[in-house]
Amino acid sequence: MAAPRQAVGSGALESCGLDLILEALKLLLSPGGSGSSSLQITKRDVLLATLRSNLSALEDKILEDPQWRRLALLREETANEAEWPQTSEDVTWRFTAQALLLLLCLKKTMTRLAADFNPERPNPKTPESAPALSPDTLSISQQKTVQSALQFVVTLGICPYLLPGVGVPLRRRTEFGAVVQDVVCPEAAPPAPRRLYASCRGLLDAAQHASLASLIFCRHLGDIAAGLCQLGFCPTKRKPLTPAEEVLTEEERTLSREALRDILDQVYQPLAVRELLILQRGSPQSCTDGKTQPGARAPAWLRRLCGQLLSERLMRPRGVQAVVRGMLEGAGAGAAGGSDAEATAADWKKCDLMAKILASCPQQCLSPEAYYRDICPQILDLFHFQDKLTARQFQRVATTTFITMSRECPQLAAKYLLQPMLAPLHRCVNTAEILESDVTPGTVLVTEEELSRCVEDVFKVYVVGNEPLTVLLDALLPVLGVLFSLYCFTKQSVSHIRSLCQEILLWILGKLERKKAVASLKGFAGLDRAAPSLHSLCQFRAAAQGGIEIAIREAPSEEDDDEALFQKVSSEQGQVEHLGDLLSHCQESGLAGDFFIFCLKELTHVAVESEAEFKARTFCGQSLLELERHRTLLVEGQERRLLVLQLVAVLCERMSEQIFTNITQVVDFVAATLQRACASLAHEAESTVESQTLSMSMGLVAVILGGAVQLKSSDFAVLKQLLPLLDKVSSTYPDPTIQELAVDLRITISTHGAFATEAVSVAAQSTLSKKDPERKPEGQRHTNADGAQSHLEQQQNREKAPLAGQQAQAASVPKGSPEPSTGTAQKPGSVTTEQLQELLLSAYDPQVPTRAAALRTLSRWIEEREAKALAVQEKLLKIFLENLEHEDTFVYLSAIQGVALLSDVYPEKILVDLLAQYDSGQDKHTPETRLKVGEVLMRVVRALGDMVAKYREPLIHTFLRGARDPDSAHRASSLSNLGELCQRLDFLLGPVVHEVTACLTAVAKTDREVQVRRAAIHVIVLLLRGLSQKATEVLRDVLKDLYQLLKHVVRAEPDDVAKLHAQLALEELDEIMRNFLFPPQKLEKKIVVLP
């Protein structure tokens, strides 16, 4: 009987098609016809009735329709092959079993169709050259039917039988899931474990076909994995069961465990990681009706199992990438993540969590070293993704993991992370051994790709990570010289890694201890021969793809000795200049000041060593070898002296006034200057430059002691370092003035400023007077010292601290009432109350020259920010406004200048009064006075510049109201001021651009006075000139209206001047639109700097 049945089954398989099986699935899954109710009991009954009705309809169709007989035979054959029960009193299990049988029939049919498919080779010469479609391919609607069947199988056959905490319960998924949970009857035969095993095995059998496997695992991997975990790994009862009591045999449990590992190995690994993480976490909390219900935590055995399986995913090839992708894509990341992906990339908490997971050694690993040896190369690969969004996500994770590993296991991180990352730079350090096979000239030691990748990785770890760990700093120190040489080479041409090298060097110089940072700078400058640097056999050169590579240098011939010497000298000079550029970015941290002081100390040593060598120059009784060695030392010493001099010159040229950031640096600078002066005196080599430098440095100390900086007790402790040097200068220096100043400075420092002589005040004032650009002394060191004093004032926030030198000079000025008309300049802070009162009275003098001179002097005092003059600003404003009405041009122009300067100092207080006076009617002020106030407002707008945006609203409203004034001259003045204002507002004109355009249009078309119409058109000209190419953005809503207005003026305006203004405005508009529509073509290569 078996043979005929097999023959019948084979025939049924051959004759049954996909459409028939899918039609059966549709019939089985068709919804019920009864209406649904909101009551839970009604939904349960409706579901049970629908399941029974669909099962009966399927059986009736198979029995009644002869064409379905082939499906019945195939289903019977599949049921006989299945080793799980298909009958039960529970209708949900009968329904699940029938759905599983139909899916297995579908799998068999699709497998048979694919095996029998033998397409002809397409003819590539015909349009129909596309390959034929396989007959086992499912259409979109057919896939939806299969997905519905799979969902029913999982919902009715797997989820109801999972233990609490295993997977996500049905009740927490959908409302329908809660109904299904109540419908299932697990007490009926077969038992729940047998049902779960049958459902999982049936789905795994159906997944043997690739098309069905993608449909099954894409949506239901988590539920199938949860069922297999429970079947294969759930602990059993301690009491041994008899064979009759056992629901699952040990062989079935073993098969479940193997199936779980098989599917986890086959599916997309990030998907497997995500589902395992969900299983390990358990069901989340749910919130219904405003109440939070705690979820069931995953059992301990499941958490341990998921951790073990995740560790296995991690230890596989490319496992790190799979784990990271699984965690990121679960949060919305990936290529299609969009804004969610960017938010995930910016979530540092998630990155820290992933870093801790990757940095922790799994229990099943043999040792931490073995784990790091396998994982670290994969972590380095996370830096090298091409897709920008993916690279940004993985870079954050890789950087955080890199830093976490370096913090927790510094030795292993240095061996397996830092050494491989920095290997390209280590190959060309002067301490590295180059193989004989690589010594051939032209041999490439580091390729373009390796060098670019190395620099980018270092930037991501050090600068982006921004964790100054000891292991990271120590690993980078040996290759800093190579990085600086690479930075110098990139400065010679365009390179995308120039900014990266600069950021890396600035970062590590800022994070290193100050002594190590200065030592590194010594190595960069060539002052420390023992510092690691680029190997003498290596050189940087341009690569084929536009990058940089490191190759063996060509051996110079004897004929090219001069060229080689020139190249060496120019290279050293370039390195010193590039070092100056680099230090210009380190002034705020104080590193540039410390290195500058070090160079000054070296300059002192150079002077002493030079004199000692000159005196020790004896050659009698020396051998030729000793003479040669002595000459070599002399040459090296001379090179060092020249290098120090060049460094000092470059630093003096490149550094700004803010090179010194604290009192200690200023004291060190003065100490170095005093030491150099003492050394010059000891060798009787005093020069004019040394004398000037000594005077300046001592004057700087006098400025500090004179009150320019608020000194603390700790500052005086630093200043006491100068006492021995000042004592030596006072006893040995030939100039008696400097000797006296040195003694006075010693007394002032020793008494903590309690006693200060007049000589200290005079020296302070003399030093401060050198800040005048016309009297600036020669030598940039003076500028640096003055700049240090200025910067110290900023650091101490002593804007109002009185200077002792200023007080001394104020006391030395003879008191009296100068003649205002002379216009004699006064020193800042030297104006007395009597002089101010005299000028205030002279401002009302009936003599025009005296009044005008007084107004000019008051204006100059306002410009120089004289405190006594600014203290009476209301009185000065009243004087200037009253003098605006004077008929003499010299007087009212001086008054206009004074009001403008006063408005520049106090715009908030003065501008309101000016606008009120300008906006007043003719009954309060004459038209001439209002026009003069308009001139003042125009000067104020020009003086404020970009700050005019703060007063945009009152200015625009006043000028727009003035455009409707009955006086035509006032209207023209308002429009002129409006043009000056709009010319400086740029994009801030946007909110009021419609009001301005409407005003200009109305005035240009309807005003009767030709001067007013000219002014309106001129406003448009100023507006277009001021905005230039920004006009298309700022005026985009009104540009068409302005164009139509200008064309109307050209056609209909009778005044030739107004037409000329309109024509000029049209030309400006034409030029703007031409540049906007046809931007000029630039023959330049676009270089993109990679992040």
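Note that the sequence shown covers residues 13 to 1103 in the working numbering. Glycine residues also receive a C-beta, built at the ideal position from the N, C-alpha and C atoms. Since the structure is predicted, the reported quantities are computational estimates derived from the model, not experimental observations.
Would you list the residues sitting across from residue i in a DSSP beta bridge?
i: C373; result: Beta-bridge pairing links C373 to no other residue.
i: I290; result: Its beta-bridge partners do not exist; DSSP assigns none.
i: R8; result: Outside the displayed span of the chain (13 to 1103) sits residue 8, for which this structure offers no information.
i: V456; result: A563
i: V441; result: L546
Of the choices the options, whose alpha-carbon is the least far from that of residue i?
i: A775; options: A766, L956, V755; result: V755
i: F552; options: F245, C500, G946, E1045; result: C500
i: L533; options: S582, N989, D606, E561; result: D606
i: L477; options: R653, K503, D364, T1018; result: The question names Leu, yet the displayed sequence has Gly at residue 477. The residue with the shortest Cα to Cα distance from G477 is D364.
i: C1089; options: A144, S323, T1044, A210; result: Cys is not the amino acid found at residue 1089; the sequence shown has Leu there. Comparing Cα positions, the closest option is T1044.
i: E515; options: L594, C440, S906, I369; result: L594
i: A61; options: L75, A91, V195; result: V195
i: V458; options: E381, S505, G559, M366; result: G559
i: K527; options: F471, R565, L498, G602; result: G602
i: K1071; options: P1091, T749, K1017; result: K1017
i: D469; options: G493, T412, T443, V441; result: T412
i: P1066; options: L512, E1021, S725, L1035; result: E1021
i: A661; options: L591, T452, S707, R1026; result: L591
i: L41; options: A984, H937, L114; result: L114
i: D148; options: T167, R213, I33; result: I33
i: L175; options: Y209, C117, T121, Q242; result: Q242
i: V581; options: E76, V713, R265, G538; result: G538
i: R465; options: Q687, Q398, Y428; result: Q398
Using 10 angstroms around the beta-carbon of residue i, count the other beta-carbons present and answer buried if the total reaches 16, otherwise exposed.
i: D798; result: Here the model assigns D798 a pLDDT of 41, short of 50, so the residue's position is not dependable, and the following value carries that caveat. When all chains shown are included, D798 counts as buried.
i: R337; result: buried
i: C230; result: exposed
i: R133; result: exposed
i: L853; result: exposed
i: T261; result: exposed
i: V1101; result: exposed
i: N895; result: buried
i: L887; result: Per the sequence presented here, residue 887 reads as Lys, with Leu not at that position. So K887 counts as exposed.
i: L947; result: Correcting the residue identity first, residue 947 is Glu in this sequence and not Leu. So E947 ends up on the buried side.
i: V924; result: exposed
i: L145; result: exposed
i: N130; result: exposed
i: Y856; result: exposed
i: S986; result: buried
Which whole-angstrom value is the C-beta distance of residue i and residue j, which I expect to be below 8 Å?
i: Y384; j: L424; result: 4 Å
i: L259; j: P203; result: Looking at the sequence provided, one finds Val at residue 259 rather than Leu. About 5 Å; that satisfies the 8 Å criterion.
i: F610; j: L663; result: About 10 Å; that fails the 8 Å criterion.
i: L291; j: L314; result: 6 Å
i: E420; j: A371; result: 6 Å
i: S871; j: L926; result: Not quite, the Cβ-Cβ distance comes to about 16 Å (not below 8 Å), so this is no contact.
i: I750; j: M710; result: 7 Å
i: L394; j: V475; result: The Cβ separation is near 17 Å, so there is no contact.
Report yes or no: is there a C-beta of chain D within less than 7 Å of the C-beta of residue i?
i: L162; result: Of the protein chains in this structure there is only one, and it is not chain D.
At a threshold of 6 Å, does residue i count as lining the ligand SAM (C-beta to nearest heavy atom)?
i: G319; result: Ligands displayed in this structure: none; no statement on the ligand SAM is therefore possible.
Open item on the list: Quick test of the definition: if touching needs 3 or more C-beta pairs under 8 Å, does the stretch 320–335 touch the stretch 361–379?
Closed with: Contact between the stretch 320–335 and the stretch 361–379 is present, because at least three Cβ pairs lie under 8 Å.
- [ ] Evaluate contact between the stretch 177–186 and the stretch 61–74, counting only Cβ atoms and requiring at least three cross-stretch pairs below 8 Å.
- [x] no
Open item on the list: Taking contact to mean 3 or more Cβ pairs, one atom from each stretch, closer than 8 Å, check whether the stretch 1074–1086 and the stretch 1031–1040 are in contact.
Closed with: Yes, they touch.
Task: Touching by the beta-carbon criterion (3+ pairs, under 8 Å), the stretch 144–162 and the stretch 69–82 - done: no
- [ ] Count the CB pairs spanning the stretch 1007–1019 and the stretch 956–974 that are closer than 8 Å, and state whether there are at least three.
- [x] yes
TODO: Tell me, please, whether the stretch 75–85 touches the stretch 96–113 by the rule of three or more beta-carbon pairs shorter than 8 Å.
DONE: no
Open item on the list: When you compare the stretch 476–493 with the stretch 520–529, are there three or more beta-carbon pairs, one atom per stretch, that lie closer than 8 Å?
Closed with: yes
Task: Any 3 or more C-beta pairs closer than 8 Å across the stretch 223–241 and the stretch 277–288 - done: yes
- [ ] Assess, as a yes-or-no matter, whether the stretch 234–247 is touched by the stretch 188–195 under the definition of 3 or more beta carbon pairs within less than 8 Å.
- [x] no
Task: the stretch 1068–1082 in contact with the stretch 1043–1060 per 3-pair CB rule at 8 Å - done: yes
Task: At least three beta-carbon pairs within less than 8 Å, the stretch 425–444 to the stretch 492–508 - done: yes
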